[in-house]
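Trainee: If you count the sequence shown from 1, you need to add 46 to reach our numbering.
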Amino acid sequence: MNEILYTIAKDSQGKLFTALSAEKGSQYYCVNCNNVLVLKKSGKVGPRTKRPHFAHKSLMPNCQPETALHFGFKTLAAEKLNQYLEADVPFNFNWRCEFCREQHTGNFTRKLKSVRLEYDLKYCKPDIALLDENDEIFAAIEIVVTHKPTESVLNYYLEHKIILIQINLKSDDDIYLIEEKLTKPNLVKFCLNPKCNVCDNFQQKYIMSIVDGKCWNCYSPMKFAAMKDGGNKFLFGPEKFSPTEITYAREKGVAIREYHSKITGDQYLANFCPKCGTFIRRYSKLQNYFSYAHEEALPITDFRIRYNCNYCSEKKISDEDDWSQNLKW
Numbered sequence: 047m048n049e050i051l052y053t054i055a056k057d058s059q060g061k062l063f064t065a066l067s068a069e070k071g072s073q074y075y076c077v078n079c080n081n082v083l084v085l086k087k088s089g090k091v092g093p094r095t096k097r098p099h100f101a102h103k104s105l106m107p108n109c110q111p112e113t114a115l116h117f118g119f120k121t122l123a124a125e126k127l128n129q130y131l132e133a134d135v136p137f138n139f140n141w142r143c144e145f146c147r148e149q150h151t152g153n154f155t156r157k158l159k160s161v162r163l164e165y166d167l168k169y170c171k172p173d174i175a176l177l178d179e180n181d182e183i184f185a186a187i188e189i190v191v192t193h194k195p196t197e198s199v200l201n202y203y204l205e206h207k208i209i210l211i212q213i214n215l216k217s218d219d220d221i222y223l224i225e226e227k228l229t230k231p232n233l234v235k236f237c238l239n240p241k242c243n244v245c246d247n248f249q250q251k252y253i254m255s256i257v258d259g260k261c262w263n264c265y266s267p268m269k270f271a272a273m274k275d276g277g278n279k280f281l282f283g284p285e286k287f288s289p290t291e292i293t294y295a296r297e298k299g300v301a302i303r304e305y306h307s308k309i310t311g312d313q314y315l316a317n318f319c320p321k322c323g324t325f326i327r328r329y330s331k332l333q334n335y336f337s338y339a340h341e342e343a344l345p346i347t348d349f350r351i352r353y354n355c356n357y358c359s360e361k362k363i364s365d366e367d368d369w370s371q372n373l374k375w
């Protein structure tokens, strides 16, 4: 992290100004310690010069620019959210889901009725609290400059079904990127996929990809099927398809039948070429085929098949007597 300077200040009325919007000759005060600040805005560039910023008129060793940045950003972020709320327009944001690895899109104002700074939840005070029509908090925005929320706070949010939205600040220039940082938070502890009825964890989306490719042996046209998650990560092939999924793939033109290994004696269902009978074997063989299809932009059709709870699946396997054998696939 680069040196953080004071890039936010307030006037005598409490109105916030950035170092770029402030004007020479006006009086400004620190948002943290309330002491007088001096605007440093020479406009010069090059060695030994600094970007526009404020500095204390008198030395204040106990006042930190990180604290001022944190205060300024959360205040301006709350104002921005209120602007969208009052205008009654959507305020979309995007995040890479840590649960399913998909790219999700949400809308801050969909159920938002009020925005509160440092809302007292007794146990903790989120930087920005988003409240619904019942005046209940449904999401907490935490602005992180140096300290992330503690584990106990994270657990509190989880237990009370409060969505954590975390925005990390790395530079004092982030004060000029309020809307951009809100639309691309660093972390959102929420998934748009349905939850498992058994364990209440978010489920993973299973998507069947059917590729129009060619047989690696005779080069004849050949369709093959593989299952992937919502983040386009390869999962498995026909060897783990359900009977319904096998039927579905065949109806889409995929040739699937039992493969028998003469070396290991393994038997499992696999994609094969209807012309020469060559199989695409499971594991890395099929995964390589799948990766090649994406690299070469082969025609791929996706079908959302089902949702699966990885937590329950892993627990079921580990609870079985011979779970180590089941894990070999």
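Note that CB positions come from ideal geometry on N, CA and C, so glycine has one too.
#1: Do we get a CB-CB distance below 8 Å when we pair E304 with the residues of chain B?
#2: Would you list the one or two residues that DSSP bridges to R156?
#3: What is the DSSP secondary structure of S255, counted as helix, strand or coil?
#4: List, from N- to C-terminal side, the alpha helix (DSSP H) runs of 4 residues or more that fit wholly inside the segment 204-232.
#5: In chain order, which beta strand (DSSP E) runs of at least 3 residues are fully inside the segment 62-86?
#6: Nearest CA to the CA of V300: which residue from K70, N243, A68, F270?
#7: If you draw a straight line from the C-alpha of T229 to the C-alpha of Q313, how long is it?
#8: Just tell me which of K251, I224, V244 has its CA closest to the CA of C387.
#9: P107 by DSSP, collapsed to three states: which one?
#10: Could you pull out every unbroken beta strand (DSSP E) segment of at least 3 residues lying fully inside the segment 310-371, listed in chain order?
#11: For F280, which residues of its own chain have a beta-carbon under 7 Å away from its beta-carbon, when the five flanking residues on both sides are left out?
#12: Quick one, are the C-beta atoms of F248 and C358 less than 8 Å apart?
#13: Is A55 helix, strand or coil by DSSP?
#14: May I ask which residues mark the beginning and end of the beta strand (DSSP E) holding I403?
#15: Within its chain, find whatever has a CB closer than 7 Å to the CB of R296; leave out the 5 residues flanking it on each side and keep chain order.
#16: For N153 and N201, what's the separation of their Cα atoms in angstroms?
#17: Where does L238 sit, in a helix, a strand or coil, going by DSSP?
#18: Going by DSSP in three states, E304 sits in which element: helix, strand or coil?
Mentor: If we stick to the structure as given:
#1: Of the protein chains in the structure, only one exists, and it is not chain B.
#2: Note: R156 sits in no beta bridge, so no partner.
#3: Correct three-state label for S255: strand.
#4: Listed in chain order, they are 224-229.
#5: 62-64, 82-86
#6: F270
#7: 50 Å
#8: Since the first and last residues shown for the chain are 47 and 375, residue 387 lies out of range.
#9: coil
#10: 313-318, 346-354
#11: A272, K274, Q333, F336
#12: Between F248 and C358, the gap from beta carbon to beta carbon reaches 8 Å or more.
#13: strand
#14: With the chain running from 47 to 375 in the structure shown, residue 403 is simply not present.
#15: I302
#16: 24 Å
#17: In the structure shown, L238 sits in coil (DSSP, three-state: anything other than H, G, I, E or B).
#18: In the structure shown, E304 sits in a strand (DSSP, three-state: E or B).
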